[in-house]
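Residue numbers (my numbering), protein chains in the order written: chain A, 57 to 411; chain B, 63 to 385.
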């Protein structure tokens, strides 16, 4: 069935484009260390808020040259009270491909120094400028994407077993158990989800390591979504629990848990697939919103949301538009997920196949 | 009579729901390691007597269950305590809730006015270029992070100077005539409404389109067509009535989504609403305020769902006969 879905996805030209876009993004994130010219924490304080580096391929004599760039120099203009950035044209810094730069662990295992592109030691190449701490926005986009684009999936892996089991038990047992469990789920759904999200995030203790915080954010995101999912699963369980094969399993003495997990829940597979693809983007958006407010992933770690935190200042929005790039990446990835989700729903919902 | 009984029953159902919601919120907030009175104690303008009064009111020296009981009783009585700056929580909420309601009801009204017709047109012209175009546009609307869109619009406002930058009123609001006040508020509302409208339009239009497609395929519509009725009558008299009913259920969900979405938008636009209030309260760990606004958010959501359900009971006789 999965194979069939994938084949049909590939047939649709929009879905194919979306799959390719997401594929490129995820590949870039996996090889982030190699593609990024700098590491996540590299910062050059003299280069705060530097605009994107200009890459030249034609030199001052009008001849083709190896690509090179100039460093920016920051000057404070005492008359206009502004900080100006100008190119230091005295020294060319050639862009070098596959050459040695800052050391890192490739895929977390092999220690190497080669980067896709870098420049000489005192040169700086900032494809998308730098932030307030003089950190390369392009590199941080790649590292931040690792968090932003995986946190949704991780939350789903926490949420789905809970929702499935909760909905399964509630629907199968019925009666009082069902009533109590469903009232509780409804109560959770009655709290505006974003309010709950920020409150849960705000009670996290502050002295946590970044990986602990990451895990807790995942759990919080999962806590928001399970109730609605459990309710739908319950409805589906109700509709299949009196089917012959369930009664057969019961009559040969299968335990209740076994009936629920082995016979009833597998019936919900197609719904689960749809729900999963459809809800990934909403988790990406939730995480970015949370981090944008400063309640999610914290500095010095990067996520697309917390990189956008700088866009809260007017001067940044007006004079440093490169700081807005994470927003466009969120937009593109969410759009791609939505397109894929739409197509999968069309494929799985036989009603939409007619005509 | 039946309708009334059913509505009454539905209203009574919200009471246990509210109790469970209040318990969940209370225990989540008590999980937090922060001393609920820490901010209050630090504030020099708040007298020690007020702090002491809050301590006994919250029953902080007693077990959690009793604390919950005390809190619940004073909540029902309308006593929500004081904020960390010493103001009354209830007064603060009374200032903010109408603003959020104003924002969300305008957005709901607009999305319905635009989304429902667009959904109908898309369904009637199913799989034409127009339908495809709408699908693409709504996908784009759904994918923009609300806060990012708000930031972009703010950038636009700053650059052009056509719109005020945040807030709900201008500084000289108090001196304005009624008409000028109305215009001033409208002017301030345009951008936040635009953000929320863009985001919620997509869901509504798609739902309407799906409902309409379902209904258009049903036997009675085919029959109406076979009878030779004009396409206009088939669609607007027969199909539309049934397609719109499920939308009323969606109204409750839409309201819920808007409350959440509005929080970030309010924050970016510095709009004095409930969402921003709760955010500020969370940042300052102002427990009384957090608790009260969380509850009010839940109450608003539950009421929204209740209203949607009652509307549905009135418009759809099938639900009454099921009960």
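By construction, the Cβ of each residue, glycine as well, lies at the ideal position given by its N, Cα and C atoms.
Asked                                                                                                                                                                                         : Found
Out of A:380, A:90, A:395, A:248, which one is the CA nearest neighbour of residue 165 of chain A?                                                                                            : A:90
How close, in whole Å, do the beta carbons of residue 392 of chain B and residue 310 of chain B come, if the pair is a contact with beta carbons under 8 Å?                                   : Examination of residue 392 of chain B is not possible in this model, given that chain B is present from 63 through 385 alone.
Would you mind giving the Cβ-Cβ distance between residue 349 of chain A and residue 130 of chain B, rounded to the nearest angstrom? I have them listed as a contact below 8 Å.               : So it is not a contact: roughly 28 Å between Cβ atoms.
For residue 305 of chain B, tell me which candidate among B:294, B:275, B:286 has the shortest Cα-Cα distance.                                                                                : B:275
Can you tell which of B:160, B:289, B:104 has its C-alpha closest to the C-alpha of residue 147 of chain B?                                                                                   : B:104
Check this for me: beta carbons of residue 378 of chain A and residue 159 of chain A, under 8 Å apart or not?                                                                                 : no
From the DSSP output, which residues share a beta bridge with residue 9 of chain A?                                                                                                           : Because chain A here runs from 57 to 411, residue 9 of chain A falls outside it and cannot be looked at.
Which first and last residues belong to the alpha helix (DSSP H) in which residue 395 of chain A is found?                                                                                    : 381-404
Which chain A residues sit within Cβ distance under 8 Å of residue 359 of chain B?                                                                                                            : 247, 248, 251
Between which two residues does the alpha helix (DSSP H) harbouring residue 352 of chain B extend?                                                                                            : 349-377
Within 8 Å of any Cβ in chain B, is that where the Cβ of residue 395 of chain A sits?                                                                                                         : yes
Against residue 209 of chain B, what residues of chain A qualify as contacts under a CB-to-CB distance less than 7 Å, listed in chain order?                                                  : 345, 348
Residue 359 of chain B to residue 77 of chain B, Cα distance in whole Å?                                                                                                                      : 15 Å
Roughly how far, in whole angstroms, is the beta-carbon of residue 126 of chain B from the beta-carbon of residue 92 of chain B, given that I think they are within contact range, below 8 Å? : 6 Å
Could you tell me the boundaries of the alpha helix (DSSP H) in which residue 209 of chain B lies?                                                                                            : 208-222
Could you pull out every residue in the same chain whose Cβ sits closer than 7 Å to the Cβ of residue 388 of chain A, ignoring the five residues on either side in sequence?                  : 77
Going along chain A in order, which residues have a C-beta closer than 9 Å to the C-beta of residue 78 of chain B?                                                                            : 239, 243
In angstroms with no decimal places, state the Cα-to-Cα distance between residue 205 of chain A and residue 340 of chain A.                                                                   : 7 Å
Under 8 Å, Cβ to Cβ, is there at least one residue of chain B near residue 367 of chain A?                                                                                                    : yes
With a threshold of 8 Å between beta carbons, is residue 441 of chain B in contact with chain A?                                                                                              : Only positions 63 to 385 of chain B appear in this structure, which leaves residue 441 of chain B out of reach.
Across which residues does DSSP place residue 114 of chain A in a beta bridge pair?                                                                                                           : A:120
Return the chain-ordered list of same chain residues with a C-beta closer than 8 Å to the C-beta of residue 112 of chain B, the five sequence neighbours on each side being excluded.         : 102, 144, 148
Take every Cβ of the segment 110-129 of chain A, pair it with every Cβ of the segment 231-241 of chain A, and state whether three or more of those distances are shorter than 8 Å.            : no
Strictly below 9 Å CB to CB, what residues from chain B border residue 185 of chain A?                                                                                                        : Per Cβ cutoff of 9 Å: no residues; residue 185 of chain A is ~16 Å from chain B at best.
Would you mind sorting residue 316 of chain B into buried or exposed? The rule is 16 or more other CB atoms within 10 Å of its CB.                                                            : buried
With burial defined as no fewer than 16 other Cβ atoms inside 10 Å of the residue's Cβ, what is the status of residue 267 of chain B: buried or exposed?                                      : buried
If you measure between the beta carbons of residue 364 of chain A and residue 344 of chain A, is that distance less than 8 Å?                                                                 : yes
Sorted by chain position, which residues of the same chain lie with C-beta nearer than 8 Å to residue 176 of chain A's C-beta, five sequence neighbours on each side aside?                   : 149, 150, 152
Using a beta-carbon distance cut-off of less than 9 Å, what residues from the segment 183-207 of chain B approach chain A?                                                                    : 188, 189, 197, 198, 201, 202, 204, 205, 206, 207
With burial defined as no fewer than 16 other Cβ atoms inside 10 Å of the residue's Cβ, what is the status of residue 327 of chain B: buried or exposed?                                      : buried
Would you say residue 252 of chain B reaches chain A, if we count a Cβ-Cβ gap shorter than 8 Å as a contact?                                                                                  : no
When you compare only the Cα positions, how much space is there between residue 291 of chain A and residue 181 of chain A?                                                                    : 56 Å
So residue 329 of chain B contacts chain A; which residues on that side make the cut at Cβ distance below 8 Å?                                                                                : 349
So, residue 212 of chain A versus residue 335 of chain A, is the Cβ gap smaller than 8 Å?                                                                                                     : yes
What number of angstroms, rounded off, separates the C-alpha of residue 80 of chain A from the C-alpha of residue 156 of chain A?                                                             : 24 Å
If you drop the 5 nearest sequence neighbours on each side, which residues of the same chain put their C-beta closer than 6 Å to that of residue 199 of chain A?                              : 88, 96, 358
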